[in-house]
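Protein sequences, first through last, are from chains A and B. As numbered in our numbering, residues 11 to 355 make up the first sequence, in order. As numbered in our numbering, residues 11 to 355 make up the second sequence, in order. C-beta: ideal position from N, C-alpha, C; glycine also. Since this is a predicted model, take the numbers as computed values, not measurements. Quick notes on the structure that follows.
2 protein chains.
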Amino acid sequence: MRTIELDVKRGIVKMIDQRQLPHQFEIVECRDWRAVADAIKEMTIRGAPAIGAAAAFGLALAARESRATTRDDLLNDLDAAARGLRATRPTAVNLAWALDRVVGAARAANLDANGTREFIVAEAQRLADEDVEINRAMAQHGAALIEDGDSVLTHCNAGALATVDVGTALGVIIEAHRQGKKIHVFVDETRPRLQGARLTAWELTQAGVPMTLIADNAAGFYMRRGKIQKCFVGSDRVAANGDVANKIGTYKNAVVAHANGIPFYAVMPTSTIDMNLANGDLIPIEERDAREVTHIEGMPIAPEGVRVGNPAFDVTPHQYITALVTERGVVYPPFVENLNKIMTL
Amino acid sequence: MRTIELDVKRGIVKMIDQRQLPHQFEIVECRDWRAVADAIKEMTIRGAPAIGAAAAFGLALAARESRATTRDDLLNDLDAAARGLRATRPTAVNLAWALDRVVGAARAANLDANGTREFIVAEAQRLADEDVEINRAMAQHGAALIEDGDSVLTHCNAGALATVDVGTALGVIIEAHRQGKKIHVFVDETRPRLQGARLTAWELTQAGVPMTLIADNAAGFYMRRGKIQKCFVGSDRVAANGDVANKIGTYKNAVVAHANGIPFYAVMPTSTIDMNLANGDLIPIEERDAREVTHIEGMPIAPEGVRVGNPAFDVTPHQYITALVTERGVVYPPFVENLNKIMTL
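Set out below in structure tokens:
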């Protein structure tokens with residue numbers, strides 16, 4: 011199944027429970043938009059494109075839940091749901107992008123209440139289907155950057171689980187493997203939530219791609235020893251100047267890759283690119299619960315009550331980014347100019 | 011108590027069990043040199059100066075265990091114990107340094123079997139006592155580098171627990187705090203063994219030094235935001251050109267500190283400086299068990315059977331090191347020249 015699906019007949023959203031992997035493969039069913047919002051907040055589903063699709067499906071449930079009989083009342087209910095969904099996580103722009111797209115299109119369609127309901131459901135489904143197509147296009151563009159014999163580093167999970175299907179950075183890597191290139195993947199475990207160890211290692215094992223799991227601390231060791239030829243990561247938001255917000259630790263990897271002359275690619279749909287922000291320092295960075303750092307699998311690993319800093323993302327300045335891989339092609343510097351071009355295609 | 015002590019009367023070596031902290035404070039008693047070797051291997055005790063003292067105390071136990079009645083037979087038994095102790099961990103040079111010092115001094119003393127026995131016990135005790143004095147001197151030299159209001163980053167544990175007492179990098183930090191400087195410490199949790207979260211956070215809490223525990227991935231985030239003014243780490247071996255082997259992840263931190271113009275200091279006794287190695291690439295790097303990465307507190311965090319890379323240390327090229335803090339003073343570049351000077355003092 012896909013990472014997230016809308017079951018129109020039953021009026022539910024089904025998603026793979028990413029908190030249980032790799033130990034258990036479980037499906038969570040959300041019966042209303044609030045359950046979808048909770049699933050995003052608690053990271054039952056995560057990954058910028060995946061939470062965009064989740065938000066769209068949340069709106070589809072909200073449209074069905076609403077007892078409104080007029081278009082205006084329904085749009086009011088949808089706006090309320092959109093506010094609730096938008097508040098779940100601040101960094102990934104795909105969430106806001108998906109909400110704005112679905113509500114905006116519904117408003118523009120100018121249908122009656124029931125027509126708007128049907129439109130919203132169809133638009134959310136369209137958005138999810140498009141995500142899969144977009145990821146396939148990125149995988150093709152990105153795989154061309156990987157050569158036979160390359161070892162690549164990836165951080166966090168930018169795979170099928172971070173999207174509706176296929177994946178961004180990991181989609182690129184798996185496509186290169188499917189094309190018959192002999193590749194090896196170094197997987198950062200990605201503290202504090204361990205998405206690399208839990209999710210990326212699981213996806214690569216499923217796909218049969220040779221890999222080595224490492225502590226985040228070890229990535230520099232392998233870069234300096236010449237064991238890594240390229241880095242591929244996803245993104246949660248890209249600013250107009252090419253600065254990339256992504257999972258905490260991306261910045262360290264990019265700086266160290268740069269010091270070792272290793273190309274560093276970020277892979278994202280154009281829906282992740284926020285042309286409204288001049289640079290990455292304007293991207294809001296989510297601070298998450300201290301317990302993500304002080305506990306692992308429920309076990310304490312630090313003295314009780316210790317103060318914790320837990321930013322979920324960091325910003326990599328565009329100087330450290332070799333290119334951005336999008337569904338419309340690979341974007342090289344100068345990013346201000348070339349992002350402008352690709353975004354107005 | 012000290013991290014490690016020799017109880018001459020009972021003929022045992024006592025050490026704090028660092029695998030149990032911060033949850034439990036337990037003392038392990040070693041009754042023969044093989045138990046000391048196992049304690050080093052299993053990281054019941056760790057930290058370059060601490061395992062140097064442990065090796066010396068291991069020899070003291072070996073001297074008492076030996077039934078040799080002649081000097082030559084006793085020295086043969088000591089050589090065998092030294093070989094066993096030396097094989098436990100390859101990277102920290104203090105281990106070999108301590109063994110060579112104690113056996114060499116005993117050989118040079120040229121006493122009979124019982125005289126040699128007593129000499130070895132006294133020499134091991136002297137080495138441990140000196141370690142405390144040396145750490146106190148380093149703390150003074152290093153604390154002068156910290157200004158009132160500084161926030162500093164440290165990686166792994168280079169505290170009292172990594173030495174006989176006081177500590178190297180953390181000794182410097184705690185001394186600055188004791189001098190009344192208002193400082194704040196960012197503590198890298200230090201995967202995979204979490205010495206930062208378990209040991210450094212515990213030591214700083216005990217000492218009442220304000221601190222923030224972070225995932226290793228987050229250090230770059232705080233550096234780029236101007237929240238960190240200086241970095242202090244310990245070392246397991248320094249080459250003649252100033253290259254520093256230290257806990258895995260040190261290299262990434264040093265490169266990112268350099269990119270942000272943040273001074274990066276390594277603190278170590280001169281016994282950690284290996285003038286026989288021209289550069290850091292010649293330092294043997296220990297590869298440890300995959301389970302350190304795939305399991306935390308006995309719980310699996312990755313798919314079963316996944317391939318793992320687990321180097322325990324990395325090498326930071328001297329270009330990224332601002333200065334080396336030793337008991338003989340602070341050594342600045344050019345390191346080849348200035349290390350030569352300080353080592354022949």
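Which two residues bound the contiguous beta strand (DSSP E) that contains residue i?
i      : result
A/M25  : I22 to I26
B/D175 : Premise fails: B/D175 is in no beta strand (DSSP E) and is neither H nor E.
B/G339 : G339 to V341
A/T336 : A333 to T336
B/Y275 : F274 to V277
My assumption, with CB atoms under 8 Å, is that residue i sits in contact with residue j. Please give the rounded CB distance.
i      : j      : result
B/T326 : B/V254 : 5 Å
A/W107 : A/S281 : 5 Å
B/Y24  : B/T98  : The sequence shown places Lys at residue 24 of chain B, not Tyr. About 18 Å separates the two Cβ atoms, so there is no contact after all.
B/Y261 : B/D324 : 4 Å
B/P273 : B/T336 : About 16 Å separates the two Cβ atoms, so there is no contact after all.
A/I306 : B/E307 : 7 Å
B/A134 : B/L95  : The Cβ separation is near 12 Å, so there is no contact.
B/P343 : A/A211 : That belief does not hold up - the Cβ atoms of B/P343 and A/A211 are roughly 41 Å apart, past 8 Å.
For residue i, which residues does DSSP report across the bridge?
i      : result
B/I293 : Answer is none; B/I293 lacks a bridge partner.
B/N256 : B/D324
B/R247 : B/A255
A/L163 : A/F196 and A/C241
A/H33  : For A/H33, which the question treats as bridged, DSSP gives no partner whatsoever.
B/D284 : B/A249
B/G169 : B/G177
Helix, strand or coil, according to DSSP, for residue i in the structure here?
i      : result
B/V266 : helix
A/P220 : coil
A/E52  : coil
B/M353 : helix
B/F309 : The amino acid occupying residue 309 of chain B in the given sequence is Met; Phe does not appear at that position. Here B/M309 sits in strand by DSSP.
B/E39  : strand
B/I156 : coil
A/N227 : helix
A/G271 : coil
B/R44  : helix
A/L214 : helix
A/L85  : helix
A/Q78  : Gln is not the amino acid found at residue 78 of chain A; the sequence shown has Ala there. It is coil, neither helix nor strand.
B/R96  : helix
B/R208 : helix
A/Q189 : coil
Grab the span of the alpha helix (DSSP H) containing residue i for me, first residue to last.
i      : result
B/E128 : A123 to A153
A/D17  : Element bounds for A/D17: not the alpha helix (DSSP H) but the beta strand (DSSP E), I14 to D17.
A/V316 : Neither: A/V316 is in no alpha helix (DSSP H) and is coded neither H nor E.
B/A66  : A58 to E75
A/R301 : R301 to T304
B/R235 : First-last for B/R235: undefined, no H or E at that position.
B/G114 : V103 to A119
Query - Residues in the stretch 282-303 of chain B having any Cβ partner in chain A nearer than 7 Å - result: V303
Query - Residues within the stretch 119-135 of chain A neighbouring chain B, beta-carbon criterion of under 7 Å - result: none
**Report entry** chain A contacts from the stretch 210-227 of chain B (Cβ-Cβ distance under 7 Å)
**Finding:** A211, W212, T215, M221, T222, L223, I224, A225, D226 and N227
Requested in this report: Pull out every residue of the stretch 249-281 of chain B whose Cβ sits closer than 7 Å to any Cβ of chain A, in chain order.
Outcome: For the stretch 249-281 of chain B, residues whose beta-carbon sits nearer than 7 Å to a beta-carbon of chain A comprise I258, G259, Y261, K262, V265, V266 and A269.
Query raised in the report: Between the stretch 135-164 of chain B and chain A, which residues of the former have a C-beta closer than 9 Å to a C-beta of the latter?
Result: With the criterion set as a beta carbon lying under 9 Å from some beta carbon of chain A, the stretch 135-164 of chain B has no members that meet it.
Query raised in the report: Closer than 9 Å, Cβ to any Cβ of chain A: which residues of the stretch 305-324 of chain B, in chain order?
Result: Cβ contacts with chain A: I306, E307, G308, M309, P310, I311, A312, P313, E314, G315, V316, R317, V318, G319, N320, P321, F323 and D324.
Query - Near-chain B residues of the stretch 185-199 of chain A - C-beta to any C-beta below 9 Å - result: Residues passing the 9 Å Cβ filter: F196, V197, D198 and E199.
Query - Positions along the stretch 41-58 of chain B whose CB lies within less than 9 Å of some CB in chain A - result: none
Requested in this report: Closer than 8 Å, Cβ to Cβ, to anything on chain A: give me those residues from the stretch 12-42 of chain B, in chain order.
Outcome: Those would be P32 and H33, in chain order.
**Report entry** Positions along the stretch 60-83 of chain B whose CB lies within less than 7 Å of some CB in chain A
**Finding:** Taking 7 Å as the Cβ-Cβ cut-off against chain A, none of the residues of the stretch 60-83 of chain B qualify.
Report task. Mind checking the stretch 230-247 of chain A against chain B and listing, in chain order, the residues whose C-beta falls within less than 8 Å of any C-beta there? Result -> G230, F231, Y232 and R234
Report task. Give the residues from the stretch 97-112 of chain A that approach chain B closer than 8 Å (Cβ to any Cβ), ordered along the chain. Result -> none
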